[in-house]
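Per the numbering used here, the very first residue in the sequence shown carries number 275; after that it's consecutive.
Here is the structure we will look at.
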Amino acid sequence: MDERALEAFYLKLDRSLFLDGDYKSLAKNDHPLPIGYGQTISQPSLVLEMTRLLVPDKDSIVLEIGTGSGYQTALLAEFAKEVYTVERIEELSNKAQARLGVLGYRNIHFIIGDGSGGWKEKAPFDRIMITAAAGKRPVELIQQLNTNGRMVVPVGPPSMQVLLLITKDEKGQVSEQRRGQVKFVEMVGTYGWD
Numbered sequence: 275m276d277e278r279a280l281e282a283f284y285l286k287l288d289r290s291l292f293l294d295g296d297y298k299s300l301a302k303n304d305h306p307l308p309i310g311y312g313q314t315i316s317q318p319s320l321v322l323e324m325t326r327l328l329v330p331d332k333d334s335i336v337l338e339i340g341t342g343s344g345y346q347t348a349l350l351a352e353f354a355k356e357v358y359t360v361e362r363i364e365e366l367s368n369k370a371q372a373r374l375g376v377l378g379y380r381n382i383h384f385i386i387g388d389g390s391g392g393w394k395e396k397a398p399f400d401r402i403m404i405t406a407a408a409g410k411r412p413v414e415l416i417q418q419l420n421t422n423g424r425m426v427v428p429v430g431p432p433s434m435q436v437l438l439l440i441t442k443d444e445k446g447q448v449s450e451q452r453r454g455q456v457k458f459v460e461m462v463g464t465y466g467w468d
């Protein structure tokens, strides 16, 4: 992935397109904003950093857990071959599909359901982006990560999480790096918090 191209696209991508009502005027602020249903759009600098860590490229098949507003999805779709994105809240998924369709993306596949278990029918994935806090290392999702794959996931209690970069080498060995503290909404579902 070309870092300069990512930075240029990030600066060009209008975050207000992914917000409703009065929140559109706050789009340039670098902090999370509500998008309804108890969910948020992440702060832009964190979205950029997580995308940098994931390193999507034109050969990557990406799984995104938590479509939300579609903002992170747009960044992934711009640089990946295909993006499979899972959202549990139908209204959010429908809004994201409409927004991303207007922007012209044709390499995004949407499903409404429990993202905590991934998308087994489409696995393995070269990259996995998780935009909700996992209570523990997401083994179910790591199993869907391809060799030479990368996963970015916030892990920890609801109050604060550690952002992990999880990699799987060519032999299938998994390792992880801690990349700082973050705060995300909780992952909900079979392998989530409830």
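Where a beta carbon is used, it is the ideal one built from N, C-alpha and C, also for glycine.
Can you list, in chain order, the residues of its chain whose CB lies under 6 Å from that of residue i, leaving out five sequence neighbours each side?
| i | result |
| --- | --- |
| F353 | M275, P330 |
| F283 | E352 |
| Y379 | A351 |
| M403 | L328, E338, V426 |
With a cut-off of 8 Å on the beta carbons, I'd call residue i and residue j a contact; round off their distance for me.
| i | j | result |
| --- | --- | --- |
| Q371 | P398 | With 8 Å as the limit, Q371 and P398 do not qualify as a contact, their Cβ atoms being about 24 Å apart. |
| P428 | L437 | 5 Å |
| G342 | L366 | 6 Å |
Starting from the Cα of residue i, find the closest Cα among the options and give me that residue.
| i | options | result |
| --- | --- | --- |
| I385 | G378, Y379, W393 | W393 |
| G344 | T314, L280, P412, K355 | T314 |
| N368 | P428, G340, E414 | G340 |
| R278 | L322, G295, P412, E356 | L322 |
| T464 | D296, K286, R362, E450 | R362 |
| D294 | A282, Y311, K457, Y284 | Y311 |
| V360 | E338, G375, V459, V376 | E338 |
| R452 | K298, L307, L327 | L327 |
| K302 | N381, D288, G391, E460 | D288 |
| L220 | L350, P308, H305, T421 | As displayed, the chain neither begins before 275 nor continues past 468, which places residue 220 out of reach and without an answer. |
| D320 | E395, Q346, D296 | Reading the sequence as shown, one finds Leu at residue 320 and not Asp. Closest by alpha carbon: Q346. |
| T325 | V426, R373, E365 | V426 |
Going by the CB atoms, is the gap between residue j and residue i shorter than 7 Å?
| i | j | result |
| --- | --- | --- |
| I536 | D400 | Absent from the structure is residue 536, since the part of the chain shown begins at 275 and ends at 468. |
| Q317 | P306 | yes |
| G466 | S390 | yes |
Apart from the five residues just before and just after residue i, which ones in its own chain have a Cβ nearer than 7 Å to its Cβ?
| i | result |
| --- | --- |
| G387 | V360, R362 |
| L377 | A348 |
| R411 | V429 |
| R424 | L328, V329, R401, L439, T441 |
| V456 | L320, P428, Q435, L437 |
| S290 | K298, A301 |
With a CB to CB cut of under 8 Å and the five nearest residues on each side skipped, what residues in its chain are close to residue i?
| i | result |
| --- | --- |
| D443 | T421, N422, S449 |
| N381 | A351, A354, K355, E356, V357 |
| L300 | L293, L307 |
| H383 | E356, V357, Y358, T359, K396 |
| D333 | K355, D400 |
| D296 | none |
| task | Flag this pair as touching only if the stretch 426-444 and the stretch 398-409 have three or more C-beta atom pairs under 8 Å; answer yes or no. | result | With a cut-off of 8 Å, the stretch 398-409 and the stretch 426-444 count as touching, because enough Cβ pairs lie within range.
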